[in-house]
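Participant: Following this message is one structure expressed as structure tokens.
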Amino acid sequence: MYCPSCGAANVETSPQCVACGAVFLLDTPAWLSAQRGYADLTARYARSEIDNAAFQSAHVNLAVRDAAGRTWLPSEDPERPYLWDGNAWVPQEVARVSPAAPGVPPAQPAYQTPAGVPPARAQRSAGGPATREAPPPPKKRHRLRGCCLGTLIVLFVLAAAVIWVSPLPEQWGLRRPAAEKAFGENPEPDRGASLELEAELAQAGVDTTGLYTYVLPYQDGRTGAALYAVLDGSAGFSFPDAGDQDPVLATMANLANSPALAAAGVDRIAVDYRDGSGQQTIVLTAPVDAIQSFSRGEITRDAFFQQMEAQVDLRSMTEGLLP
Amino acid sequence: MKERRRTILIIVLLALLALQAGCTDFTAEDKAFVRSLVQEFLESKNMSPTNPDGSANLFGGVRFAAALVGRSGDQEANALFGIYTSVSGVVEADKEMDEARANGDAAAMDQVIKSRPHDWTYRSSRAVLALAQGDMATYQAQGDSVYALAEEQGIPTGRLARQTIKDYETIAVPDKGAQGHQKWMDLHQAYATLYDETGQDMYAAQADAAAMAAMAALE
């Protein structure tokens, strides 16, 4: 038998390496079986199927005596089983030796239960480890607690991500608001462009009552502007009759096709619809070219929706639907 | 006599109720348009918290929640969803100015101008109201500040002209006398500016008509 630590040759029954002093423990069938029994035992204990006392009682029954007469008990660490030192079970670092290791001369099993005698009886008769106080059971691995912890971490990360993408960091001053980045701290609407737009709409016979338009030049280095149109039902706005067209989209198309907005470099439109009480219902926004393509029938309604974004007010959208 | 008064009162009340109901229905119809569009939009973009069979749609629910707080993957859209906070002051000021124009309320206009002193459109309206009320000093002062602000902000004269026309459409100024003369002269100048800018004949005709009215106002 060769020492797994230093490779020195040792006699088969040697309890430890003659060269480096490593304590040998042979992986005999009896020892491997005891280890499997221990794994099963700890699993049952972790599932609370057995209590502390039952664990200790069953644990001590797994004791195996080797050829050198030492008594071992499996532990959580296969490299540090318990060794009975005559007074107590003490963890002992071992060099495990496989009896059938390639290149290593096969070793005889260190311990064999006598024929016809159950291992436990053999162990008891061999020195009565069952009567000895067993080492404490391993700390229970609270799978549920571990699972809960994992879930909590995932939830925490998710919550942090949700908070980060929400407007809260902007309200807390942790991030510059997207509006401020695009249009500056105190956006000043281009009044003249709005006047041109309103004049065009009036010429086209569109009633502009309750329609407030704000052409907001970009302040982030881009050229051009965005249009923010407030359609205020409380100030008398109502959608024009658009025949078989959707009146909301027809209104967006009216705005997008305005030469005044093109002259002002408007490339995106947002419409903010407010109901009769002045309550914001929805803000719809889309690039001007998408609105124009849709109004010319070049893209489908569904394709247009994919380019549109919306901010929805829950209260007005569920009004009458909730108790 | 008493009976007749009661009948008139009932008729007036019924008329008011009908008017109110009519208005409510009008906005209710608009709201229905919007709701229907929103529903279709949410389904199209998989932003609905429920599937068509009624089962929960987690991913859609998350996207719907994002839509409630005005967040999307599109930063330009997010900028516009957040812009109302910045422009709400302007929107409110505009509404107050609209009311003041309609009511001829100079004090209310002055309040709005105080809140946004660099807005030349408000000063233009204030000048026209001053003219309507015969306050020529204010008309002159506000008119001067309109031009000063427009120059400072690089506003083309055509846009000043449009604001002038809009103001005279909403604020009633007498057609005759010195006020009427000034009104028609302002309109003449505004239409002439638009004609110069656009070359549209209708503006030339309107400028001519305003010049004639200005002459007639002094007769």
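Chains A and B are the protein sequences, given in the same order. Anchor point for the first sequence: position 10 equals 10 in this note's numbering, and the numbering is continuous, going up by one each time. Anchor point for the second sequence: position 177 equals 1177 in this note's numbering, and the numbering is continuous, going up by one each time. Using N, Cα and C, we set each Cβ at its ideal position, and we do this for glycine too. Being a predicted model, the structure only gives us computed values, none of them experimental.
Does the distance from the CB of B:S1036 to the CB of B:L1042 come in under 8 Å?
Facilitator: Indexing the second sequence from 1 puts residue 1036 of chain B at position 36. Indexing the second sequence from 1 puts residue 1042 of chain B at position 42. Taking 8 Å as the Cβ cut-off, B:S1036 and B:L1042 do not qualify as a contacting pair.
Participant: How about A:T208: is its C-beta nearer than 8 Å to some C-beta of chain B?
Facilitator: Here residue 208 of chain A corresponds to residue number 208 of the first sequence, with the count starting at 1. False, the Cβ-Cβ gap to chain B never drops below 8 Å.
Participant: So, with DSSP's three-state summary, where would you put A:P114?
Facilitator: Looking up residue 114 of chain A in the first sequence gives position 114. Bear in mind that the predicted position of A:P114 carries a pLDDT of just 45, short of 50, making it unreliable; the figure below should be weighed with that in mind. In the structure shown, A:P114 sits in coil (DSSP, three-state: anything other than H, G, I, E or B).
Participant: Sort out for me which residues DSSP pairs A:E309 with in a bridge.
Facilitator: If you number the first sequence from 1, residue 309 of chain A lands on position 309. Beta-bridge pairing links A:E309 to A:T285.
Participant: Closest Cβ-Cβ distance between A:T223 and chain B: below 8 Å?
Facilitator: As a position in the first sequence, residue 223 of chain A is number 223, starting the count at 1. So no, A:T223 is outside the interface.
Participant: Is DSSP giving A:P42 helix, strand or coil here?
Facilitator: The residue given as residue 42 of chain A occupies position 42 in the first sequence. Reading off the sequence, residue 42 of chain A comes out as Thr, not Pro. DSSP places A:T42 in helix when its eight states are reduced to three.
Participant: Give the interface partners of A:P247 over in chain B, defined as CB-CB distance under 7 Å, in chain order.
Facilitator: In the first sequence, the residue the question calls residue 247 of chain A occupies position 247. Those within 7 Å of A:P247 in chain B are F1033.
Participant: Please confirm whether B:C1023 has its beta-carbon closer than 8 Å to some beta-carbon of chain A.
Facilitator: Stepping through the second sequence from its first residue, residue 1023 of chain B is reached at position 23. Note on B:C1023: pLDDT 42, under 50, position unreliable in the model; the coordinate value appears next. So, interface residue.
Participant: Have a look at A:D241, A:S75 and A:A290 and flag the residue whose alpha-carbon is nearest the alpha-carbon of A:V64.
Facilitator: Taking the first residue of the first sequence as position 1, residue 64 of chain A is located at position 64. It is A:S75 whose Cα lies nearest to the Cα of A:V64.
Participant: Alpha carbon to alpha carbon, what distance is there between B:D1105 and B:A1132?
Facilitator: As a first step, residue 1132 of chain B must be located in the second sequence, where it is residue number 132. As a first step, residue 1105 of chain B must be located in the second sequence, where it is residue number 105. Cα to Cα, the separation comes out at about 11 Å.
Participant: Could you name the residues of the segment 1079-1098 of chain B whose beta carbon sits closer than 8 Å to any beta carbon of chain A, in the order they occur along the chain?
Facilitator: The segment 1079-1098 of chain B vs chain A, Cβ under 8 Å: A1079, L1080, F1081, G1082, I1083, Y1084, T1085, S1086, V1087, V1090, V1091, D1094, K1095 and D1098.
Participant: Applying a beta-carbon distance threshold of less than 7 Å, which residues of chain A neighbour B:P1156?
Facilitator: Residue 1156 of chain B sits at position 156 when you count from the first residue of the second sequence. Those within 7 Å of B:P1156 in chain A are G192.
Participant: Using a Cβ-Cβ cut-off of less than 7 Å, list which residues of the segment 273-295 of chain A approach chain B; keep chain order.
Facilitator: Cβ contacts with chain B come from Y273, D275, G276, T281, I282, V283 and T285.
Participant: Using a beta-carbon distance cut-off of less than 7 Å, what residues from the segment 228-244 of chain A approach chain B?
Facilitator: Listed by position along the chain: Y228, V230, G233, A235, S238 and F239.
Participant: Quick check on DSSP: helix, strand or coil for A:G103?
Facilitator: Walking along the first sequence from the start, residue 103 of chain A turns up at place 103. Confidence in A:G103 is poor, its pLDDT being 42 and thus under 50, which makes the residue's placement too unreliable to answer from.
Participant: Tell me whether the segment 195-214 of chain A and the segment 234-248 of chain A touch, counting them as touching only if at least three CB pairs, one residue from each stretch, are closer than 8 Å.
Facilitator: A contact exists between the segment 195-214 of chain A and the segment 234-248 of chain A.
Participant: If you compare alpha carbons, which of B:E1029, B:L1129 and B:D1144 is closest to B:V1173?
Facilitator: By 1-based counting over the second sequence, the position of residue 1173 of chain B is 173. Taking only the C-alpha atoms, the option nearest B:V1173 is B:L1129.
Participant: Is it right to say B:D1119 is buried, meaning 16 or more other beta carbons lie within 10 angstroms of its own, or is it exposed?
Facilitator: Here residue 1119 of chain B is taken as the residue at index 119 of the second sequence, counted from 1. The residue is buried, with at least 16 neighbouring Cβ atoms inside 10 Å.
Participant: Is the distance from the Cβ of A:A250 to the Cβ of A:V288 below 8 Å?
Facilitator: To locate residue 250 of chain A, count along the first sequence from 1; it is residue 250. To locate residue 288 of chain A, count along the first sequence from 1; it is residue 288. The answer is no: Cβ separation not under 8 Å.
Participant: Is there at least one Cβ from chain B nearer than 8 Å to A:S166's Cβ?
Facilitator: Locating residue 166 of chain A in the first sequence gives position 166, counting from the first residue. For A:S166, the answer is yes, since a Cβ of chain B falls inside 8 Å of its Cβ.
Participant: Please confirm whether B:V1173 has its beta-carbon closer than 8 Å to some beta-carbon of chain C.
Facilitator: The structure shown has no chain C; the protein chains it does contain are A and B.
Participant: Quick check on the DSSP output: what are the complete alpha helix (DSSP H) runs of length 4 or more inside the segment 2-75 of chain A, in order along the chain?
Facilitator: Correct list: 29-46 and 52-60.
Participant: What residue range is occupied by the uninterrupted beta strand (DSSP E) comprising B:R1101?
Facilitator: Against the second sequence, residue 1101 of chain B aligns to sequence position 101. Not the beta strand (DSSP E): B:R1101 falls in the alpha helix (DSSP H), residues I1083 to N1103.
Participant: Which of the three DSSP states is assigned to B:R1159 in this structure?
Facilitator: For the purposes of this step, residue 1159 of chain B is taken as residue 159 along the second sequence, with counting starting at 1. Three-state DSSP puts B:R1159 in a helix.
Participant: Which residue comes first and which comes last in the alpha helix (DSSP H) that contains A:L168?
Facilitator: By one-based count along the first sequence, residue 168 of chain A stands at place 168. L168 to Q171 is the extent of the alpha helix (DSSP H) around A:L168.
Participant: Identify which residue in A:A19, A:M1, A:G276 and A:S5 has its Cα closest to the Cα of A:V11.
Facilitator: Indexing the first sequence from 1 puts residue 11 of chain A at position 11. The shortest C-alpha separation from A:V11 is found at A:M1.
Participant: For a contact defined as C-beta to C-beta under 7 Å, what are the partners of B:A1067 on chain A?
Facilitator: Translated into the one-based positions of the second sequence, residue 1067 of chain B becomes position 67. Those within 7 Å of B:A1067 in chain A are A310, Q311 and V312.
Participant: Are the beta-carbon atoms of A:A229 and A:I291 separated by less than 8 Å?
Facilitator: Within the first sequence, numbered from 1, the residue matching residue 229 of chain A stands at position 229. Within the first sequence, numbered from 1, the residue matching residue 291 of chain A stands at position 291. No; because the gap between Cβ atoms is not below 8 Å, this pair is not in contact.
Participant: Can you give the beta carbon distance from B:I1171 to B:R1063, rounded, assuming they're within the 8 Å contact cut?
Facilitator: Position 171 of the second sequence, counted from the first residue, corresponds to residue 1171 of chain B. Position 63 of the second sequence, counted from the first residue, corresponds to residue 1063 of chain B. 48 Å between Cβ atoms; not a contact.
Participant: Could you check how far apart the C-beta atoms of B:S980 and A:D302 are, in whole angstroms? I think they sit under 8 Å.
Facilitator: This structure cannot settle anything about residue 980 of chain B, because the visible part of chain B is limited to 1001 through 1219.
Participant: Mind checking which residues open and close the alpha helix (DSSP H) that includes B:R1123?
Facilitator: Numbered from 1 along the second sequence, position 123 holds the residue referred to as residue 1123 of chain B. Unbroken alpha helix (DSSP H) run through B:R1123: W1120 to A1132.
Participant: If you follow the beta strand (DSSP E) that A:T213 is part of, which residue opens it and which one closes it?
Facilitator: Counting from one through the first sequence, the residue named residue 213 of chain A turns up at place 213. Segment L211 to P217, the beta strand (DSSP E) holding A:T213.
Participant: What are the start and end residues of each continuous alpha helix (DSSP H) run of 4 or more residues lying completely inside the segment 1132-1209 of chain B, in chain order?
Facilitator: As far as the segment 1132-1209 of chain B is concerned, its whole alpha helix (DSSP H) runs of at least 4 residues are 1136-1153, 1157-1170 and 1177-1198.
Participant: Flag A:Q219 as yes if its beta-carbon sits less than 8 Å from any beta-carbon of chain B, otherwise no.
Facilitator: Position 219 of the first sequence, counting from 1, holds the residue named residue 219 of chain A. Chain B, which has no Cβ nearer than 8 Å to the Cβ of A:Q219, makes this no.
Participant: Could you give the distance in angstroms between the alpha-carbon of A:R296 and the alpha-carbon of B:N1103?
Facilitator: As a first step, residue 296 of chain A is located in the first sequence; it is residue number 296 there, counting from the start. As a first step, residue 1103 of chain B is located in the second sequence; it is residue number 103 there, counting from the start. Each residue's alpha carbon lies about 42 Å from the other.
Participant: Would you kindly report the start and end of the unbroken alpha helix (DSSP H) that includes A:A193?
Facilitator: Your numbering for residue 193 of chain A matches position 193 in the first sequence. R191 to Q203 is the span of the alpha helix (DSSP H), which, as asked, contains A:A193.
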